[in-house]
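The structure appears right after this line, and notes come after that.
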Amino acid sequence: MTRRRSTYRSLASLQRDNRVCRACVDAGHQLESAPVIEGHAGQRAYLFGLAPGVREGEEGRPWRGRAGRALRRWLELDEERFYASFYCAAVTRCYPGKPPSGRGDRTTTPEERRLCSFWQEWEMRLLQPKLLVPVGGVAIKRLLGLGSLACVGERIELDGAVAIPLPHPSGASGWLNEAANRARLERALELLQSALGEYSRMSPEAGHLTQNST
Ligand code: SF4
Numbered sequence: 119m120t121r122r123r124s125t126y127r128s129l130a131s132l133q134r135d136n137r138v139c140r141a142c143v144d145a146g147h148q149l150e151s152a153p154v155i156e157g158h159a160g161q162r163a164y165l166f167g168l169a170p171g172v173r174e175g176e177e178g179r180p181w182r183g184r185a186g187r188a189l190r191r192w193l194e195l196d197e198e199r200f201y202a203s204f205y206c207a208a209v210t211r212c213y214p215g216k217p218p219s220g221r222g223d224r225t226t227t228p229e230e231r232r233l234c235s236f237w238q239e240w241e242m243r244l245l246q247p248k249l250l251v252p253v254g255g256v257a258i259k260r261l262l263g264l265g266s267l268a269c270v271g272e273r274i275e276l277d278g279a280v281a282i283p284l285p286h287p288s289g290a291s292g293w294l295n296e297a298a299n300r301a302r303l304e305r306a307l308e309l310l311q312s313a314l315g316e317y318s319r320m321s322p323e324a325g326h327l328t329q330n331s332t
């Protein structure tokens with residue numbers, strides 16, 4: 119049952135309502151899983167993906183499939199430190215299923231993305247992350263309003279936070295086939311390691327991350 123309150127005082131109550139959201143189904147869109155989010159109050163890094171895949175939908179946990187493994191390899195984080203470091207959310211939070219062609223996953227509609235932005239906007243207010251990591255063009259557009267991956271490799275100063283965008287690790291777009299783009303990714307990962315170090319000075323959990331990764 120979809121419940122959207124006019125105001126939320128805690129991340130826990132927001133998550134409770136997000137986890138039972140069926141707003142897209144109510145609007146006539148077909149979805150194949152319940153909402154997938156993972157994180158808790160106090161996390162300072164916000165990882166923002168496109169949508170869960172089939173495995174994430176089945177397990178009810180983000181970044182479980184091949185793209186998640188590639189992302190952890192890029193970040194040089196094992197699973198425990200990855201989930202301890204990042205609040206994991208996405209532009210849309212339910213597995214959208216297959217397209218009629220059966221290839222890949224269905225592209226979500228602008229209406230689904232608009233419906234789901236409610237949860238992201240409240241997360242921003244309640245979590246107040248210091249480090250934003252949008253992953254892939256759709257997430258970059260939604261979070262930063264930037265229309266291309268040309269910002270990968272940049273550290274973008276926002277009001278009280280920093281954003282370091284990444285390309286999507288699924289490799290579906292072929293963007294990383296170009297050497298110049300691989301260099302952008304390397305630069306982004308260096309920036310991210312440095313930002314996670316800064317974040318570790320604010321968060322006890324990330325301090326654990328830093329100690330274990332040296
Ligand atoms: S994609 Fe987002 S808005 Fe749509 S049903 Fe899932 S949680 Fe709700």
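119 is the number of the first residue of the sequence shown in the working numbering; add one for each residue after it. Yeah, the Cβ is synthetic: ideal placement off N, Cα and C, and Gly gets one too. Nothing here was measured: the structure is a model prediction, and the numbers come from that model.
Residue nearest to residue i in terms of C-alpha spacing, selected from the options
| i | options | result |
| --- | --- | --- |
| L284 | A298, L267 and G292 | L267 |
| G175 | G215, V256, E197 and G271 | G215 |
| R232 | R137, M242, R127 and A141 | A141 |
| A257 | L294, S128, S151 and F166 | F166 |
| Q161 | L168, E241 and E275 | E241 |
| A290 | E239, R305 and G254 | G254 |
| A152 | W192, L307, A163 and Q133 | Q133 |
| Y164 | A297, L244, R300 and N299 | L244 |
| E304 | L193, L264 and G157 | L193 |
| T227 | E177, H147 and S288 | H147 |
Rounded Cβ spacing between residue i and residue j (contact assumed at less than 8 Å)
| i | j | result |
| --- | --- | --- |
| D144 | T125 | That pair is no contact at about 21 Å. |
| Y205 | P252 | That belief does not hold up - the Cβ atoms of Y205 and P252 are roughly 13 Å apart, past 8 Å. |
| R179 | V154 | 7 Å |
Limits of the unbroken alpha helix (DSSP H) element including residue i
| i | result |
| --- | --- |
| G255 | G255 to L262 |
| E241 | P228 to L245 |
| V172 | V172 to E177 |
Limits of the beta strand (DSSP E) - the one that residue i falls within
| i | result |
| --- | --- |
| C206 | F204 to A208 |
| G167 | A163 to G167 |
| E296 | Careful: E296 lies outside any beta strand (DSSP E) and carries neither H nor E. |
| A141 | No beta strand (DSSP E) contains A141, which is instead part of the alpha helix (DSSP H) from A141 to D144. |
| L276 | I274 to L276 |
| L250 | L249 to P252 |
7 Å Cβ shell around residue i - same chain, five flanking residues per side excluded
| i | result |
| --- | --- |
| R122 | D135 and F236 |
| L195 | S203 |
| R224 | P214, G215, K216 and P217 |
Beta-carbon contacts of residue i that lie in its chain and below 6 Å, excluding the five residues immediately before and after
| i | result |
| --- | --- |
| L309 | R273 and I282 |
| R302 | V270 and G271 |
| E229 | none |
| G183 | G171 and R173 |
Close beta carbons around residue i, own chain, < 8 Å, minus the five adjacent residues each side
| i | result |
| --- | --- |
| R260 | F166, V209, R231, S235, Q238 and P252 |
| R211 | N136, C139, P153, V154, I155, A169, P170, C234 and W237 |
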